[in-house]
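Shown next, in structure tokens, is the structure this report addresses.
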Amino acid sequence: MEFGLFNLMSYRQHPRGVPGVVADAKLMVGLAEEIGLDTAWFAEHHFTNYSVSVSPLMMAAHMAGLTRRIRLGTAVIVLPLYQPMRVAQEIALVDQLSGGRLVLGVGTGYQPFEFDRYGVDVTTRGDIFLKYWDVLEEALTTGAVTGSARALGLPEAPMLLRPVQTPLPPLYVTGGDPRIIARLGPLGATPFITAGWRGSEALIAMGRKTRADWAAAGFPATGLGVQQYVHVTDDPAEALIAADCARFVGRMATGLRAKEIGHAGPMIDAPPLPDEPPLETFRDNVIIGSAAQVTERILAERAAMNPTHYNMFFQFGDMPLAMAARALERFGAEVLPVLRRETAATPADATA
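All the letters of the sequence shown, read from the start, carry residue numbers 1 to 352 under the UniProt record's numbering.
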């Protein structure tokens with residue numbers, strides 16, 4: 001099982017504003033490489049403080065010059081919001097810039113607020129994704145766009161830039177559209193899931209359903225990427241601060257699924273969730289606790305759903321950098337060695 005750091009890059013009340021959020025992400029990625037994580041992932045969202053990472057490819061390209069070993073992932077490229085012939089070239093360029101370290105995560109997106117402002121009907125996102133994916137695959141694997149371009153009413157085009165990794169960089173995909181599973185499954189794509197603040201129980205249920213859906217589509221041996229909030233601390237008060245940060249992200253994410261959202265400029269209203277549980281429930285749902293507790297929880301999730309990639313929020317909800325970095329350092333020193341040893345001793349069954 002590989003391990004990743006997810007950079008959502010939310011802005012709440014950072015003392016150095018948006019530049020501070022960006023600077024913190026760079027420092028956290030450097031620390032992730034230092035402690036031995038496998039991949040640093042970057043979100044894509046637009047127009048609000050939910051995330052200042054508007055381009056995961058730009059973040060990956062920048063971090064390629066500041067790192068040497070860690071892989072750099074897009075989590076995810078919201079394909080319906082792009083011109084496909086352009087983004088295909090950018091994907092190839094980032095893989096070149098990084099020396100073949102790009103991990104390609106793609107998805108349909110889900111936020112009406114974003115789609116409306118790009119002039120794209122969110123209800124058509126699956127159809128658009130499939131058309132644009134045809135362009136990406138043809139461009140990246142053959143060096144030209146012919147039939148897929150004609151299907152979009154565009155002229156054929158040569159593609160000088162090709163990825164270092166052939167035929168494609170490692171491929172991850174979000175969402176459960178059966179057509180997308182059927183299209184990307186033969187390419188070895190790994191489904192990527194998160195349950196957000198709902199935590200382990202919901203994530204395990206999603207993992208089992210995802211494996212069942214992919215198996216039903218003819219891909220029973222697929223990998224599985226999962227994403228979870230993690231914070232290592234022995235301090236009960238700090239644990240509740242971390243839980244509040246997770247709650248803040250959960251409130252924003254829930255609001256952004258609506259057609260209309262409350263906002264003051266780019267700042268999203270983040271009122272309590274419908275039937276919101278107490279803060280302690282957020283703490284208990286996600287993985288917040290001592291090094292021993294965090295280790296036990298992650299191994300339990302692995303036993304339940306056998307993920308091949310375990311991606312982690314560490315600086316979520318604009319958590320203070322010192323607090324997030326301390327938790328990540330402790331994870332590297334006290335948790336990761338145990339997880340590496342245990343997962344090496346008992347390899348996951350990808351068909352489970």
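Backbone N, C-alpha and C fix where the C-beta goes; we use that ideal spot for every residue, glycine too.
Since the model is a prediction, treat every value here as computed from it, not as a measurement.
- Annotation: A270 to R86 spans about 35 angstroms, alpha carbon to alpha carbon.
- For R326, no beta strand (DSSP E) run applies; the uninterrupted alpha helix (DSSP H) run containing it begins and ends at L321 to R330, by DSSP.
- In the DSSP assignment, P191 falls within the unbroken beta strand (DSSP E) covering T190 to T194.
- Nearest to L66 by C-alpha distance, out of G99, V76 and I128, is G99.
- With respect to the 8 angstroms criterion, G73 and T39 are classified as neighbours on the basis of their beta carbons.
- Taken in chain order, the whole beta strand (DSSP E) runs of length 3 or more contained in the region 199-246 are 225-232.
- Inter-residue distance for A88 and E34 is about 31 angstroms (C-alpha atoms, whole angstroms).
- DSSP places M59 in the uninterrupted alpha helix (DSSP H) bounded by P56 to A64.
- Our two residues, D24 and A151, have alpha carbons roughly 43 angstroms apart in a direct line.
- In its chain, beyond the 5 residues on either side, G107 and T108 have a beta carbon closer than 6 angstroms to the beta carbon of G175.
- In terms of Cα proximity to A195, the closest of L5, Y229, T142 and T123 is Y229.
- Classified as exposed, R16 has fewer than 16 neighbouring CB atoms from the shown chains inside 10 Å of its CB.
- Residue environment analysis places E114 among the buried positions, since at least 16 neighbouring C-beta atoms fall within 10 angstroms of its C-beta.
- Annotation: the continuous alpha helix (DSSP H) that includes N285 extends over L279 to N285.
- In the three-state scheme derived from DSSP, where H, G and I count as helix and E and B as strand, Y310 is classed as strand.
- Under DSSP, G73 takes part in a beta bridge, and its partners are W41 and V103.
- A Cβ-Cβ distance of about 6 angstroms is found for the pair A246 and G317, placing them in contact under the 8 angstroms criterion.
- Inclusion of F313 and L8 in the CB contact set at 8 angstroms is warranted, their separation being smaller than that value.
- In the three-state reduction of the DSSP assignment, F316 falls in the coil class, being assigned neither a helical nor a strand state.
- Taking a contact to require three or more Cβ pairs closer than 8 angstroms, the region 75-86 and the region 121-132 qualify as touching.
- Taking the Cα positions, G265 is about 16 angstroms away from D116.
- Collapsing the DSSP output to three states places I261 in coil.
- By the Cβ criterion, the region 57-71 is not in contact with the region 325-338, since fewer than three pairs of Cβ atoms, one from each stretch, lie closer than 8 angstroms.
- The beta carbon of H263 sits closer than 7 angstroms to those of T48 and D269, all from its chain and outside the five residues before and after it, given in chain order.
- Of R211, R198 and E329, the smallest CA-CA separation from L273 is found for R198.
- In the three-state reduction of the DSSP assignment, A270 falls in the coil class.
- For A217, the CB contacts under 7 angstroms within the same chain, skipping 5 residues up- and downstream, are P178, I181, A182 and G185 in chain order.
- Linking K209 to Q293 through their CA atoms gives a straight-line distance of about 26 angstroms.
- For V29, the uninterrupted alpha helix (DSSP H) segment begins and ends at G17 to I35.
- For G119, the closest of Q83, G105 and G153 by C-alpha to C-alpha distance is Q83.
- Take V54, set aside five residues on each side of it, and the residues of its chain with a beta-carbon closer than 6 angstroms to its own are H46, in chain order.
- Within the region 130-176, the beta strand (DSSP E) runs of at least 3 residues that lie entirely inside it are, in chain order, 171-173.
- Taking the CA atoms as reference points, A325 sits about 10 angstroms from H231.
- Rounded to the nearest whole angstrom, the C-alpha separation of P320 and T142 is 46 angstroms.
- G105 places its beta carbon less than 8 angstroms from that of Y172.
- Taking E156 as the centre and dropping the five residues before and after it, the same chain places the C-beta of A144, V145, T146, A149 and R150 closer than 8 angstroms to its C-beta, in chain order.
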